[in-house]
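In what follows, a structure is listed as structure tokens, so that the remarks can point back to it.
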Amino acid sequence: MKSQQTIFIACCMFAIASVLAACEDTIPGPIDNDGVPPGPLSEVSVTNLHGAAKISYQVPSDPDLLYVRAVYTTKQGEVRETKVSRHHHSLIVEGFGDTDAYEVTLHAVDRGENASTPVQVTVNPKRPPMQLARDSLEVIPTFGGISVNFKNATADNLAFVVLANDSLGEFVPLHTYYTRLMNGEFAVRGLPSEETRFGLFVRDRWSNLSDTLYSFQTPLFEVQLDRTRMRPYTLPTDAPLGYSGRVEALFDGVIGNSGGYYHTGDAALMPQWVTYDMGVQAKLSRMSYFMREGFYFSLHNPRVVEIWGSNNPDPDGSFDSWELLATHEQVKPSGLPSGQLSQDDIAAAQAGETIIFPIDAPEVRYIRFKTLRNWSDGTYVNFNEIMMWGAPVN
């Protein structure tokens, strides 16, 4: 009996194998491939855009139609392809780095990958976004470097590349700023106060490059102010301290927790401030503050702040003798909820939060760091370190 069952099972397995083998011989492609291509696209029209073109059309009335494909070749010989669903009646071809004419080939493609006869159209893109942004560039000297103003009218993802001579005299990229903001400003710092030849060009995400803007600028003199000359200058309205917090810890040169920290006490309310003497009157360019290690973008670290300056603070602690120098809100790069940190968040926290002072800000000696809001919307303020940059007057 067992021998008969074994023979029966073996026969069944052989039969199944034979059927599968036959299927492999008779099905060369997709099961629903009817071998018949759809009809071509009709009523094709072109709307030229900046660095791109919109191609509109009518699709054939084929129930097997799956998508529409556009194929075009760049000046560098790269073949690019754009596909859209059959439910669309237009597509965008993009990534053109000039305003020359380009030929685009269109196909309607069905579920069996059968392509229609081609329809060819010519597109003439308008000036590309990276060139529009290049034309908008304005370069001015700033403390320790240059400031670059730009417009990005199409809100494209762009890279602004700044060039200068390196230590070997090679004209090389010095800084790259990435953005898709429609307008903005960025600075390149840490440069000597001497006439320097800068170059600026704009790159898009297809590696198209604008022409280069050349500019000779002399960065304004800037140094990091001596932290050892900085002292608390406590006034009657300053926030009370607590939890082992010390104002001196803000200038101890230690960014991490091992050097201590500034921390306000239970009686502190928002807004609140701390006052200190820089030990020198200076034309300020920027400052950085460092969040408490282990609590990045959370709890009591300052989020929205005002920086005030004075040369003769009123001893009553009022703001009558102070001038507002800057208002600043810290932004978490990742946008993740509290307690969650990306590598970009950690890198930004370790680099410090930088506040830029306007070029026309007055020379001051005393600083009042006023917190309007912390990261927990609570009433404590807690952070580790402050650094100041500028040009000392005396």
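As numbered in mature numbering (1 follows the signal peptide of the UniProt record, and there is no 0), residues -21 to -1, 1 to 373 make up the sequence shown, in order. Just so you know, even glycine gets a beta-carbon here, dropped at the ideal spot from N, CA and C.
**Request:** Using DSSP bridges, identify the partner residues of R48.
**Result:** As a first step, residue 48 is located in the sequence shown; it is residue number 69 there, counting from the start. BP columns for R48 point to K62, H86.
**DSSP beta-bridge partners of K54** = As a first step, residue 54 must be located in the sequence shown, where it is residue number 75. Note: K54 sits in no beta bridge, so no partner.
**Request:** For G369, count neighbouring Cβ atoms within 10 angstroms of its own Cβ and tell me buried if that reaches 16, exposed if not.
**Result:** Counted from its first residue, the sequence shown places residue 369 at position 390. Classification for G369: buried.
**Prompt:** Got a sec? Which residues, its chain only, sit under 7 Å from G357 by beta carbon, not counting five neighbours each side?
**Reply:** Working through the sequence shown from its first residue, we reach residue 357 at position 378. So the qualifying residues of the chain are H279.
**Asked** Thinking just about the alpha-carbon of each residue, which of R225, V83, Q260 is nearest to the one in N27?
**Response** Start at 1 with the first residue of the sequence shown, and residue 27 comes out as number 48. Ranking R225, V83, Q260 by Cα distance to N27 puts V83 first.
**Message:** One question on the structure: do I234 and F177 come within less than 8 Å of each other, judged by their Cβ atoms?
**Reply:** Here the question's residue 234 lines up with position 255 in the sequence shown. Here the question's residue 177 lines up with position 198 in the sequence shown. Their beta carbons are not under 8 Å apart, which means I234 does not touch F177 by this criterion.
**Message:** What does the Cβ neighbour count give for R208, buried or exposed, with the cut at 16 atoms within 10 Å?
**Reply:** For the purposes of this step, residue 208 is taken as the residue at position 229 of the sequence shown. With fewer than 16 Cβ atoms within 10 Å of its Cβ, R208 is classed as exposed.
**Request:** Identify every run of the alpha helix (DSSP H) within the stretch 283 to 339, keeping only runs that are complete inside it and at least 4 residues long; order them along the chain.
**Result:** 322 to 330
**Prompt:** Where does E227 fall in DSSP's three states?
**Reply:** Here residue 227 refers to the residue found at position 248 of the sequence shown. Residue state, collapsed to three classes: helix.
**beta strand (DSSP E) runs wholly inside the stretch 138 to 210, at least 3 long, in chain order** = 150 to 158, 162 to 167, 175 to 183, 192 to 196
**Prompt:** How close, in whole Å, do the beta carbons of G331 and M366 come, if the pair is a contact with beta carbons under 8 Å?
**Reply:** Indexing the sequence shown from 1 puts residue 331 at position 352. Indexing the sequence shown from 1 puts residue 366 at position 387. Their Cβ separation, rounded to whole angstroms, is 7 Å, which keeps G331 and M366 in contact under 8 Å.
**Prompt:** Thinking C-alpha only, which one of G296, P312, Q203, A247 is nearest G258?
**Reply:** By one-based count along the sequence shown, residue 258 stands at place 279. The shortest C-alpha separation from G258 is found at Q203.
**Asked** Nearest-angstrom Cα distance between S300 and G224?
**Response** Numbered from its first residue, the sequence shown carries residue 300 at position 321. Numbered from its first residue, the sequence shown carries residue 224 at position 245. Approximately 27 Å, taken between the alpha carbons.
**Prompt:** If we call anything under 8 Å between Cβ atoms a contact, is E164 one with S189?
**Reply:** Residue numbering aside, residue 164 sits at position 185 when the sequence shown is read from its first letter. Residue numbering aside, residue 189 sits at position 210 when the sequence shown is read from its first letter. Not closer than 8 Å, so no.
**Prompt:** How about the stretch 183 to 197 and the stretch 227 to 246: do they share at least three Cβ pairs that are nearer than 8 Å?
**Reply:** no
**Prompt:** What residue does the alpha helix (DSSP H) around A112 start on, and which one ends it?
**Reply:** Taking the first residue of the sequence shown as position 1, residue 112 is located at position 133. 108 to 115 is the extent of the alpha helix (DSSP H) around A112.
**Item:** Residue of P104, Y46, N187, G76 minimising C-alpha distance to H66
**Value:** Within the sequence shown, residue 66 is the residue found at index 87, counting from 1. Closest by alpha carbon: Y46.
**Request:** Would you mind reading off the limits of the beta strand (DSSP E) that contains A370?
**Result:** In the sequence shown, the residue the question calls residue 370 occupies position 391. 361 to 371 is the extent of the beta strand (DSSP E) around A370.
**Candidates S146, N131, E342: closest to F139 by CA position** = Taking the sequence shown and counting its residues from 1, one reaches residue 139 at position 160. If we check each option's Cα against that of F139, N131 comes out closest.
**Item:** the stretch 315 to 326 in contact with the stretch 283 to 293 per 3-pair CB rule at 8 Å
**Value:** no
**Beta-carbon contacts of A218 that lie in its chain and below 6 Å, excluding the five residues immediately before and after** = Translated into positions along the sequence shown, residue 218 becomes position 239. Contacts found: T243, A247, Q251.
**Prompt:** Helix or strand or just coil, what does DSSP make of N128?
**Reply:** The residue you call residue 128 lines up with position 149 of the sequence shown. Looking at N128 - three-state DSSP - the assignment turns out to be strand.
**Request:** If I'm right that S277 touches F336 with Cβ under 8 Å, what's the distance once you round it to whole angstroms?
**Result:** The residue labelled residue 277 in the question sits at position 298 within the sequence shown. The residue labelled residue 336 in the question sits at position 357 within the sequence shown. Going by Cβ atoms, the distance from S277 to F336 rounds to 27 Å, so no, they are not a contact pair.
**Three-pair Cβ contact test at 8 Å for the stretch 29 to 38 versus the stretch 141 to 156** = No, they do not touch.
**Through-space distance from L303 to D339, alpha-carbon basis** = Within the sequence shown, residue 339 is the residue found at index 360, counting from 1. Within the sequence shown, residue 303 is the residue found at index 324, counting from 1. One C-alpha to the other measures close to 12 Å.
**Request:** Within its chain, find whatever has a CB closer than 7 Å to the CB of F75; leave out the 5 residues flanking it on each side and keep chain order.
**Result:** Within the sequence shown, residue 75 is the residue found at index 96, counting from 1. The answer, listed in chain order, is G30, A31, Y81, P104, P107.
**Request:** Tell me, please, which residues DSSP counts as bridged to residue 419.
**Result:** Because the chain here runs from -21 to 373, residue 419 falls outside it and cannot be looked at.
**Request:** Taking the CB atoms as reference points, tell me whether R159 and D135 lie closer together than 8 Å.
**Result:** The residue you call residue 159 lines up with position 180 of the sequence shown. The residue you call residue 135 lines up with position 156 of the sequence shown. Yes, the pair counts as a contact, with Cβ atoms nearer than the cut-off.
**Request:** Could you check if K349 is buried or exposed, using at least 16 other CB atoms within 10 Å of its CB as the buried criterion?
**Result:** On the sequence shown, position 370 is the one that residue 349 refers to. It is buried - the Cβ of K349 has at least 16 other Cβ atoms within 10 Å.
**Asked** Looking only at C-alpha atoms, which of R206, H68, A112, H307 sits nearest to residue 376?
**Response** Since the first and last residues shown for the chain are -21 and 373, residue 376 lies out of range.
**Asked** From this set, T155, D89, P215, Y51, which residue's C-alpha is nearest E73's C-alpha?
**Response** The sequence position of residue 73 within the sequence shown is 94, counting from 1. When only C-alpha atoms are compared, the closest one is Y51.
**Message:** Rounded to the nearest angstrom, what separates T175 and L85 at their Cα positions?
**Reply:** Taking the sequence shown and counting its residues from 1, one reaches residue 175 at position 196. Taking the sequence shown and counting its residues from 1, one reaches residue 85 at position 106. One C-alpha to the other measures close to 50 Å.
**Request:** Give the secondary structure of G238 by DSSP, where H, G and I count as helix, E and B as strand, and everything else as coil.
**Result:** The sequence position of residue 238 within the sequence shown is 259, counting from 1. In the structure shown, G238 sits in a helix (DSSP, three-state: H, G or I).
**Limits of the beta strand (DSSP E) - the one that S24 falls within** = Mapped onto the sequence shown, residue 24 falls at position 45. Its beta strand (DSSP E) spans residues 21 to 28.
**Prompt:** With burial defined as no fewer than 16 other Cβ atoms inside 10 Å of the residue's Cβ, what is the status of N353: buried or exposed?
**Reply:** As a position in the sequence shown, residue 353 is number 374, starting the count at 1. Buried: at least 16 other Cβ atoms inside 10 Å.
**Message:** On the criterion of 16 or more Cβ atoms from any shown chain inside 10 Å, does G18 qualify as buried, or is it exposed?
**Reply:** Stepping through the sequence shown from its first residue, residue 18 is reached at position 39. Answer is exposed; the Cβ neighbour count stays below 16.
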